[in-house]
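Protein chains in written order, with our numbering: chain D, 1 to 532; chain F, 1001 to 1349. Note sheet for the following structure.
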Amino acid sequence: MGSDPSRLWRTATYAVPLAFLALFFAYPLLSILERGLRADGSLASPLGVLTDPLTRDVVWFTFWQALASTALTFAVGLPAAYVLGRFAFRGRSVVRALVVVPFVLPTVVVALAFLAVLPAGLERGWIAILIAHAFFNVAVVVLVVSTFWASLDRRTSEVAATLGAAPARNFREITLPLLAPSLAAASSIVFLFSFTSFGIVLILGGPAYSTIETEIYNQAVRIFDLRAAAILSIVQLICVGVAVWITLKLEAFVVVGAGPRSERDVLRKPRTSRERGLVVGALGLLAVFLGVPLAVLVERSIAVGDGYGLDAYRALARPTSALLATPWEAVWNSLLYAGAATVIAVVIGGLAAFAVANSTGPRALDVLLMLPLGASAVMLGFGFVIAFDRAPIDFRAAPWIVPVVQALVALPFVVRIVAPTLRAIDERQREAAAVLGASPGRVRREIDLPIVGRALAVAAGFAFAISLGEFGATVFLARPDTPTLPVAIFRFLGRPGEINAAQAYALAVVLMALTAASIFAVGRLGVRRGWV
Amino acid sequence: MTRCHKSALVALLAAVLLAAAGCGGDHPPTDVVLLTHDSFAVSDAVRQEFERDSGLKLKILKAGDAGEVVTKAALTAGNPQGDVLFGVDNTLLSRALDADVFEPYESASLENVDPELILDPDHRVTPIDHGEVCLNYDKAWFAERGIAPPRTLEEVTLERYRDLLVVENPATSSPGLTFLLATIARYGDLWQGYWRKLRANGVLVVDGWEEAYTVRFSGAAGSRGNRPIVVSYSSSPVAEVIFRKPRPRAAPTAVIEDSCFRQIEFAGVLRGARNEEGARQLVDFMLSKRFQEDIPLAMFVFPVNREAELPREFVEYAVVPRLPLELPPDEIEANRDRWVREWTDIVVR
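Given below as structure tokens:
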């Protein structure tokens, strides 16, 4: 088998991701679920939790708020995805970098900013939850959809227009079906993030609202009823599995168009004043929606007494007892972790994307890849504690477990961004190359890679941002005392005193700047390597 | 294909196992691991002093908030993640003891500790610090309006203090839970009536301390809040002085002593610790004058060692309530969930 490199490659594309997920996701999660269900020694009673009217209310609220959040996110994000996916204009890559900024911010910081911005009456309750979810997740819609849109050949819809199709019909019958895979990919991610949302629901929802995820936390940590937490986790996994299955069906629905093109061939300058108006309008909407809460954070970071100053930023260079280190060391730690997590996520996710895009590939891998986004983060964190507790796999205090878990959350992004593009590659291009004598490896290098390069770059940027922002189970891992940026922000925010609050906001601004810079740099890299 | 897939999986697992096995060994431990919560802090100099004196490297492992740390310790009882656990407090103590996570150890340094703070006669845990959760108020707010600030828990329910109080949700916040316990300790079975009065008087409930104190409370520097009374800590006025530039001559906020509930934080040697001898040394060190004097400015709580001197700022601006409210840990453990549920029904629904 080793003599056949193509076969070895195909095996690796799913064996490596599968092994990774089995070891670092399925095993710890199943360990904690098993422990929870076994807790009382009786298996007869899951009905008690399942039939509790409270559970029903929580599941119902979780579902509809996630659906509504996804819809709102698309309403805000699609216009911008359109102009970024169709037009070339000055500052385009800056916009694409800035839009990711909200995505990485710690929820508590954003929630506090929202409390300051939203008008009284709206500041708390389900409307605030939906707005905050849209604020966080709009980056997913804008980047995933616009990246895919920018690879769609203009000529298809231009031909339709020439043949007399009205713009609305053209969009409905040509563009929308072509875009479907990326719409499905983006909506599944946004839905899962809203479905398992934790901090936003706690702070902005107020004490009257809870989702399955907050209820799991409540049961596991506050009430210490692991059995109820395990049952709720399974309910959540099933809901997520079903949602993922549906969107995967949609995503695989590929309309064969003219094959993906390089952005350079697709994007053009807006010509008419109507087109220019569209660009300004769509981006203006986005700027107001994202800009106002971010501006509040910046303002808070420079507020000193009744005036303004940079005291909080200067204080970042000094060691503080809140961290046992200087805040700048936290910045450095964050960059190291995020770099490692990005490498893991891009390598394993890239392999998985090939396996998934291959239609004969196993669908189970596809669903399994998405589940880390939908699993309860707190239960997974506990799972690590009991699963990796004995030599030779006593990883509980290993520093590398942090980037590994971050990669777990970043994996679905890499796959969802890369797989639709891979699927859309015209098989005829590959066949033509093969007929002309190119080896399968060379086909991958010279046909697939240049086309997916852009998608891989976007995915890497997301993976980096996710790791900078510390999503999911990393929050619940026990970790050596190497503070990262989000940890430092929490630490400062948790202490009374003026300079502490200002430093928390100053670090949030640093996190924003780092995120924008890294996404921008990844985009530039793509341009230099000729991927764009 | 299937065969390939299996062999690849086996190869990967084997590689992982080999790599991990290489790290194990039977050398005597050269380090001691402190499992603790996210708010733990110690000065560099003090940490180095322990490492120099004991010859052990001090590794600090932070595992979430106090509730998460205790839950993790309970899940791994007998095969712990560290050698010493620090940060279990009297509201969580029974849960940890019921889960049998500690090995008894009676430190010789306990002779300098007020016996009232030693809650476990079997010495499975050792008190390290204490602090109080108290109502804080904004002095300037009351002075500007010529209203006398409330002096007792009972007075907060008076009409003239309508819409002035912000508290944290006891279901999600540790100080929120502690304040609920304060009212139960004070009013016993009548605590629900007290909260009905608070609700009628416009109490605001928020999710966590961060929002309550930094956003809603008018007395925090830089806050635009409009609530001059908040649930916070007895040390918060000190922080309002030392983290403000220029330092004010008097603390801008003050504590309502009558409302204070005592939180004691304990450390314990974890059962099954890899380095039990080092764990005991660490507990001794945490009771030593050196560590105890570091506690106030590092963690904003008070030392338990009577010989430890308080920093000047604490002497000047902090209040140690003479008779803080308390409840037995087993009573807290037995009723916590029910109390929180009943509180939710009264105050939120």
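Idealized CB from N, CA, C, for every residue including glycine.
Between the CA atoms of K1289/F and T13/D - distance to the nearest angstrom: Your numbering for residue 13/D matches position 13 in the first sequence. Your numbering for residue 1289/F matches position 289 in the second sequence. Straight-line Cα distance between these residues: approximately 59 Å.
Straight-line Cα distance separating F1261/F from V1231/F: Against the second sequence, residue 1231/F aligns to sequence position 231. Against the second sequence, residue 1261/F aligns to sequence position 261. Annotation: V1231/F to F1261/F spans about 11 Å, alpha carbon to alpha carbon.
Boundaries (first-last residue) of the beta strand (DSSP E) holding N1136/F: Position 136 of the second sequence, counted from the start, is the residue given in the question as residue 1136/F. T1126 to D1138 is the extent of the beta strand (DSSP E) around N1136/F.
Residue from V59/D, T421/D and V104/D with nearest C-alpha to L183/D: For the purposes of this step, residue 183/D is taken as the residue at position 183 of the first sequence. Comparing alpha-carbon positions, the option among V59/D, T421/D and V104/D lying closest to L183/D turns out to be T421/D.
Between the CA atoms of V59/D and T1374/F - distance to the nearest angstrom: Beyond the ends of chain F as shown, which are 1001 and 1349, falls residue 1374/F; an answer cannot be given.
Spatial distance of F103/D from A295/D (CA atoms): Start at 1 with the first residue of the first sequence, and residue 103/D comes out as number 103. Start at 1 with the first residue of the first sequence, and residue 295/D comes out as number 295. Approximately 15 Å between the Cα atoms of the pair.
Candidates T196/D, L37/D and A508/D, of which the one nearest I302/D by Cα: The residue you call residue 302/D lines up with position 302 of the first sequence. Nearest neighbour of I302/D by Cα position, chosen from T196/D, L37/D and A508/D, turns out to be A508/D.
Neighbour flag for V1348/F against chain D, beta carbons, 8 Å: Numbered from 1 along the second sequence, position 348 holds the residue referred to as residue 1348/F. Judged by the 8 Å Cβ criterion, V1348/F is in contact with chain D.
beta-carbon A132/D near the ligand MG non-hydrogen atom, thresh 7 Å: In terms of ligand content, the structure shown is empty, and the ligand MG therefore cannot be addressed.
Host beta strand (DSSP E) of Y1233/F (start-end): Stepping through the second sequence from its first residue, residue 1233/F is reached at position 233. It spans I1229 to Y1233 - the beta strand (DSSP E) in which Y1233/F sits, taken as one unbroken run.
Contact check, E1265/F vs G1087/F, beta carbons under 8 Å: For the purposes of this step, residue 1265/F is taken as the residue at position 265 of the second sequence. For the purposes of this step, residue 1087/F is taken as the residue at position 87 of the second sequence. Yes, they are a contact pair.
Proximity below 8 Å, CB of A1267/F to CB of D1083/F: The count along the second sequence starts at 1 and reaches residue 1267/F at position 267. The count along the second sequence starts at 1 and reaches residue 1083/F at position 83. Taking 8 Å as the Cβ cut-off, A1267/F and D1083/F do not qualify as a contacting pair.
Close beta carbons around K1245/F, own chain, < 7 Å, minus the five adjacent residues each side: Residue numbering aside, residue 1245/F sits at position 245 when the second sequence is read from its first letter. Excluding five sequence positions before and after K1245/F, none of the CB atoms of its chain fall closer than 7 Å to its own CB.
Status (buried if at least 16 other CB within 10 Å, exposed otherwise) for Y308/D: Your numbering for residue 308/D matches position 308 in the first sequence. By the 10 Å Cβ count, Y308/D comes out exposed.
T1071/F: first and last residue of the uninterrupted alpha helix (DSSP H) it sits in: The count along the second sequence starts at 1 and reaches residue 1071/F at position 71. Per DSSP, T1071/F belongs to the alpha helix (DSSP H) from A1066 to L1075.
I1264/F: first and last residue of the uninterrupted beta strand (DSSP E) it sits in: On the second sequence, residue 1264/F is found 264 positions in, with the first residue counted as 1. Counted as a single uninterrupted DSSP element, the beta strand (DSSP E) harbouring I1264/F occupies residues T1253 to L1270.
Cβ pair V16/D, L351/D closer than 8 Å: Counting from one through the first sequence, the residue named residue 16/D turns up at place 16. Counting from one through the first sequence, the residue named residue 351/D turns up at place 351. L351/D is positioned such that its CB atom lies closer than 8 Å to that of V16/D.
Contact under 8 Å by Cβ, R1295/F with D1098/F: Here residue 1295/F refers to the residue found at position 295 when the second sequence is read from its first residue. Here residue 1098/F refers to the residue found at position 98 when the second sequence is read from its first residue. Arg is not the amino acid found at residue 1295/F; the sequence shown has Ile there. The answer is no: Cβ separation not under 8 Å.
Rounded separation between Y337/D and A506/D - CA only: Locating residue 337/D in the first sequence gives position 337, where the first residue counts as 1. Locating residue 506/D in the first sequence gives position 506, where the first residue counts as 1. For Y337/D and A506/D, the distance between alpha carbons rounds to 21 Å.
Boundaries (first-last residue) of the beta strand (DSSP E) holding T1036/F: The residue labelled residue 1036/F in the question sits at position 36 within the second sequence. D1031 to T1036 is the extent of the beta strand (DSSP E) around T1036/F.
C-beta neighbour in chain D for I1256/F, strict 8 Å: To locate residue 1256/F, count along the second sequence from 1; it is residue 256. Closer than 8 Å: no.
One or two residues paired with D1089/F in a DSSP bridge: The sequence position of residue 1089/F within the second sequence is 89, counting from 1. When beta bridges are read from the DSSP output, D1089/F appears opposite E1265/F.
Own chain residues within Cβ distance below 7 Å of L1164/F, not counting five before or after: Translated into positions along the second sequence, residue 1164/F becomes position 164. Only R1227, P1228 and I1229 meet the Cβ criterion.
Outcome for K269/D when other beta-carbon atoms lying within 10 angstroms are tallied against a minimum of 16: To locate residue 269/D, count along the first sequence from 1; it is residue 269. Flag for K269/D reads exposed.
Spatial neighbours of A1318/F in its chain, beta-carbon cut-off 6 Å, leaving aside the 5 residues before and after: Taking the second sequence and counting its residues from 1, one reaches residue 1318/F at position 318. Within the same chain, A1318/F has close Cβ partners S1235 and V1238.
Residues from the segment 1075–1106 of chain F in contact with chain D, defined by Cβ distance under 7 Å: Result list: L1075, T1076, N1079, Q1081 and R1095.
C-beta neighbour in chain D for D1330/F, strict 8 Å: For the purposes of this step, residue 1330/F is taken as residue 330 along the second sequence, with counting starting at 1. Judged by the 8 Å Cβ criterion, D1330/F is not in contact with chain D.
Helix, strand or coil at V1340/F according to DSSP, with G and I counted as helix: Within the second sequence, numbered from 1, the residue matching residue 1340/F stands at position 340. Per DSSP, reduced to three states, the secondary structure at V1340/F is helical.
Three-state secondary structure (DSSP) of A1250/F: Counting from 1 along the second sequence, the entry for residue 1250/F is found at position 250. Coil at A1250/F, not helix or strand.
Close-in-space but distant-in-sequence residues of the same chain around V1046/F (CB under 7 Å, 5 per side omitted): As a working mapping, residue 1046/F is identified with position 46 in the second sequence. Result list for V1046/F: R1290, F1291 and D1294, in chain order.
Own chain partners of Y27/D with C-beta closer than 6 Å, once the 5 adjacent residues on each side are dropped: On the first sequence, residue 27/D is found 27 positions in, with the first residue counted as 1. A387, listed in sequence order.
Supposed close pair T247/D, T62/D - CB separation, criterion 8 Å: For this step, residue 247/D is matched to residue 247 along the first sequence. For this step, residue 62/D is matched to residue 62 along the first sequence. The beta-carbon separation of T247/D and T62/D, rounded to 17 Å, does not stay under the 8 Å limit for a contact.
N- and C-terminal bounds of the beta strand (DSSP E) containing K1062/F: For the purposes of this step, residue 1062/F is identified with residue 62 of the second sequence, where counting begins at 1. Its beta strand (DSSP E) spans residues K1057 to K1062.
Inside the segment 387–442 of chain D only - alpha helix (DSSP H) runs reaching at least 4 residues: Listed in chain order, they are 401–424 and 427–435.
L98/D in three-state terms, based on DSSP: Walking along the first sequence from the start, residue 98/D turns up at place 98. Of the three classes helix, strand and coil, the one that applies to L98/D here is helix, per DSSP.
Interface residues of chain D facing S1390/F [CB-CB closer than 9 Å]: The first residue shown for chain F is 1001 and the last is 1349, placing residue 1390/F beyond what the model contains.
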